[in-house]
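Below is one structure, written out as structure tokens, with a few remarks after it.
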């Protein structure tokens, strides 16, 4: 049997099994139960949070043979056909590859016909922001007043690109990024059902790497299963992701707390020797410092099941709140400056040395603090100026592109006008020639008629003369 990836195999089949979008499920459930059905829905959110899944569940809820319901049976022909992507009255269109006005016109032409074997004909347009302006304009009237048997479901990751005229015609739902805890719980459930062994910390790493996307989390889990030969362990996931071992971060913070520059440099060299990402190292360091800061003001916020819980509490008592805030700021600014450094190693080590320069807090250190703060402000100013210059350049390029486009359109309009004038001149010339030909023909016909009349008159005169001569001859006899 062909292997089916986890993201497809464990796609939710009903509202109850959908994870992390309770606000959307609640609104749709109430609307279905009260039969308050809108004709157009818009689902927005980042990739892998359930837009397509919601569309299919809603299509089943509308067309289930048990009636319009918030709990489709999943067993009738309509529900099974939608799940198996073979339901003729549920159409998913990818706007990225069918973005033109011709494709939209074809869809709208088919929409007027009644469903083949369903209560409603449902059109789901994915990545709808990729449609052209002409395609959006073509669908406006139908989207506002569709046939009673048609429902539109639009999905996008970039709602800012959708015209407001379309947004105002839809019922809009913003799907949230998946919290790490929800992703971990879902992965735990799936791997348990799949009878695969796993470590909880490995699932946390996968959830953080997914960045709020459940589909990405499941894809990474598939990758981890293959990488670790069926056993999803923390070590295997760290190797697969190239993630930093928490042990390095704890040693690093201990060295900073002890103001041990040699130890800090040695740890940085170890990271470089293992080709680990310095950007990820600073990101993970910021995360640890964030947890330490919370542990200082709300100790109960540190979950006991976290492997690093004991170290977080230890650093919360070891550092002052001012130090934690300062180190956090240095780490986050260091991430933004990493690309400006001669190389990543230099940028990473300079960030760590900057932390050491603020410890201990003596008068000399205070002087260094002001110097580094001034340097940071200068670098931030330079980065801001560079960003503004880049934005100005992009704006200028966009303006030039727009002007070029307008010039091209004006040229095309002028050429079209000239072609139209040439065509009209040609038609006028042809009409004039036809008129002249007709007049010449009429003149010729009039001349021929006149000649025929004269010939007839001549013949009649000749006959009269002959008759007169004959009469005279007869009288003479």
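Numbering (full-length UniProt numbering), first residue to last: 1 to 477. Each residue gets a CB set at the ideal place from its N, CA and C atoms; glycine is no exception. The structure presented is a predicted model; accordingly, all values stated were derived computationally and were not measured.
**Request:** May I ask you to list the residues that DSSP assigns as paired with residue 199?
**Result:** Locating residue 199 in the chain shown gives position 199, counting from the first residue. For residue 199, which the question treats as bridged, DSSP gives no partner whatsoever.
**Request:** Identify the continuous alpha helix (DSSP H) that holds residue 104 and give its terminal residues.
**Result:** To locate residue 104, count along the chain shown from 1; it is residue 104. Note, residue 104: alpha helix (DSSP H), 101-111.
**Request:** May I have a chain-ordered list of the alpha helix (DSSP H) segments no shorter than 4 residues that lie completely inside the region 123-184?
**Result:** 133-144 and 164-167
**Message:** Determine whether the beta carbon atoms of residue 213 and residue 124 lie at a separation below 8 Å.
**Reply:** By 1-based counting over the chain shown, the position of residue 213 is 213. By 1-based counting over the chain shown, the position of residue 124 is 124. Their beta carbons are not under 8 Å apart, which means residue 213 does not touch residue 124 by this criterion.
**Request:** Check whether the Cβ atoms of residue 292 and residue 312 lie closer than 8 Å to each other.
**Result:** Translated into the one-based positions of the chain shown, residue 292 becomes position 292. Translated into the one-based positions of the chain shown, residue 312 becomes position 312. For residue 292 and residue 312, yes; Cβs fall inside 8 Å.
**Request:** Sort out for me which residues DSSP pairs residue 287 with in a bridge.
**Result:** The residue given as residue 287 occupies position 287 in the chain shown. None; residue 287 has no bridge partner.
**Item:** First through last residue of the beta strand (DSSP E) which encompasses residue 91
**Value:** Position 91 of the chain shown, counted from the start, is the residue given in the question as residue 91. Counting along the chain, the beta strand (DSSP E) containing residue 91 begins and ends at 90-94.
**Prompt:** Among residues of its own chain, excluding the 5 on either side of residue 201, which ones have a beta-carbon nearer than 6 Å to its beta-carbon?
**Reply:** As a working note, residue 201 is residue 201 in the chain shown. Once the five neighbours on either side are set aside, the close Cβ partners of residue 201 are 234 and 307.
**Asked** Would residue 42 pass as a contact of residue 173 if the rule is Cβ separation under 8 Å?
**Response** Counting from one through the chain shown, the residue named residue 42 turns up at place 42. Counting from one through the chain shown, the residue named residue 173 turns up at place 173. A contact, by the Cβ cut-off of 8 Å.
**Request:** Tell me whether residue 127 is buried or exposed, calling it buried when 16 or more other Cβ atoms sit within 10 Å of its Cβ.
**Result:** Within the chain shown, the letter at position 127 stands for residue 127. It is buried - the Cβ of residue 127 has at least 16 other Cβ atoms within 10 Å.
**Asked** Just reading off the alpha helix (DSSP H) that residue 318 is part of, what are its end residues?
**Response** Indexing the chain shown from 1 puts residue 318 at position 318. Residues 309-318.
**Request:** State the Cα-Cα distance for the pair residue 397 and residue 221, rounded to the nearest angstrom.
**Result:** As a first step, residue 397 must be located in the chain shown, where it is residue number 397. As a first step, residue 221 must be located in the chain shown, where it is residue number 221. Using only the alpha carbons, I get a separation of about 42 Å.
**Message:** With a threshold of 6 Å on Cβ separation, who are the neighbours of residue 215 within its own chain once the five nearest residues in sequence on each side are excluded?
**Reply:** Here the question's residue 215 lines up with position 215 in the chain shown. Contacts found: 7 and 48.
**Prompt:** In whole angstroms, what is the alpha-carbon distance linking residue 161 and residue 154?
**Reply:** For the purposes of this step, residue 161 is taken as the residue at position 161 of the chain shown. For the purposes of this step, residue 154 is taken as the residue at position 154 of the chain shown. Cα-Cα distance, rounded: 13 Å.
**Asked** Is the region 69-88 in contact with the region 98-113, if contact means three or more CB pairs nearer than 8 Å?
**Response** no
**Item:** Span of the beta strand (DSSP E), counted from its first residue to its last, around residue 42
**Value:** If you number the chain shown from 1, residue 42 lands on position 42. Counting along the chain, the beta strand (DSSP E) containing residue 42 begins and ends at 40-44.
**Message:** By the DSSP assignment, the alpha helix (DSSP H) with residue 87 in it spans what residues?
**Reply:** Taking the first residue of the chain shown as position 1, residue 87 is located at position 87. Residue 87 -> no alpha helix (DSSP H), and no H or E assigned at all.
**Item:** The alpha helix (DSSP H) enclosing residue 264, as first and last residue numbers
**Value:** By 1-based counting over the chain shown, the position of residue 264 is 264. Residues 261-273.
**Request:** Output the distance between the C-alpha atoms of residue 504 and residue 435, rounded to the nearest integer angstrom.
**Result:** Any answer about residue 504 is impossible in this case: the structure gives the chain only from 1 up to 477.
**Buried/exposed call for residue 338, threshold 16 Cβ in 10 Å** = The sequence position of residue 338 within the chain shown is 338, counting from 1. By the neighbour-count rule (16 or more Cβ atoms within 10 Å), residue 338 is buried.
**Message:** Distance check for residue 141 and residue 279, CA to CA, integer angstroms please.
**Reply:** The residue labelled residue 279 in the question sits at position 279 within the chain shown. The residue labelled residue 141 in the question sits at position 141 within the chain shown. When rounded, the distance between both Cα atoms is 50 Å.
**Asked** So, helix, strand or coil for residue 33, using DSSP?
**Response** Here the question's residue 33 lines up with position 33 in the chain shown. Of the three classes helix, strand and coil, the one that applies to residue 33 here is helix, per DSSP.
**Message:** Please state the DSSP three-state secondary structure of residue 411.
**Reply:** In the chain shown, the residue the question calls residue 411 occupies position 411. Helix.
**Message:** Rounding to the nearest angstrom, what Cα-Cα distance links residue 19 and residue 57 in this structure?
**Reply:** Taking the first residue of the chain shown as 1, we reach residue 19 at position 19. Taking the first residue of the chain shown as 1, we reach residue 57 at position 57. Spanning the two alpha carbons is a distance of roughly 13 Å.
**Distance between residue 407 and residue 335 (C-alpha atoms, nearest Å)** = Taking the first residue of the chain shown as position 1, residue 335 is located at position 335. Taking the first residue of the chain shown as position 1, residue 407 is located at position 407. Approximately 43 Å, taken between the alpha carbons.
**alpha helix (DSSP H) runs contained entirely in the region 317-360, provided each spans 4 or more residues** = 321-337 and 344-357
**Asked** Cβ of residue 183 within 8 Å of Cβ of residue 207?
**Response** Within the chain shown, numbered from 1, the residue matching residue 183 stands at position 183. Within the chain shown, numbered from 1, the residue matching residue 207 stands at position 207. A contact, by the Cβ cut-off of 8 Å.
**Message:** Just to confirm, is the Cβ distance from residue 326 to residue 261 under 8 Å?
**Reply:** As a first step, residue 326 must be located in the chain shown, where it is residue number 326. As a first step, residue 261 must be located in the chain shown, where it is residue number 261. The answer is no: Cβ separation not under 8 Å.
**Closest Cα partner of residue 33 within the set 68, 45 and 5** = For this step, residue 33 is matched to residue 33 along the chain shown. Of 68, 45 and 5, the residue nearest in Cα terms is 68.
**Item:** For residue 187 and residue 203, believed in contact at Cβ under 8 Å, the rounded distance
**Value:** If you number the chain shown from 1, residue 203 lands on position 203. If you number the chain shown from 1, residue 187 lands on position 187. Their Cβ separation, rounded to whole angstroms, is 5 Å, which keeps residue 203 and residue 187 in contact under 8 Å.
**Asked** Among 389, 64, 331 and 92, which one has its Cα closest to the Cα of residue 282?
**Response** Along the chain shown, one-based indexing puts residue 282 at 282. Taking only the C-alpha atoms, the option nearest residue 282 is 331.
**Asked** Do residue 38 and residue 171 have their C-beta atoms within less than 8 Å of each other?
**Response** Your numbering for residue 38 matches position 38 in the chain shown. Your numbering for residue 171 matches position 171 in the chain shown. Against a cut-off of 8 Å, the Cβ pair of residue 171 and residue 38 comes out as a contact.
**Request:** Keeping to the same chain, check which residues put their C-beta closer than 6 Å to that of residue 218; ignore five residues upstream and five downstream.
**Result:** Here residue 218 refers to the residue found at position 218 of the chain shown. Contacts found: 6 and 7.
**Request:** Measure how close the beta-carbons of residue 264 and residue 318 come, nearest whole angstrom, since I'm counting them as under 8 Å.
**Result:** Position 264 of the chain shown, counted from the start, is the residue given in the question as residue 264. Position 318 of the chain shown, counted from the start, is the residue given in the question as residue 318. 16 Å between Cβ atoms; not a contact.
**Prompt:** To the nearest angstrom, how far is it from the Cα of residue 425 to the Cα of residue 409?
**Reply:** Looking up residue 425 in the chain shown gives position 425. Looking up residue 409 in the chain shown gives position 409. Cα to Cα, residue 425 sits roughly 24 Å from residue 409.
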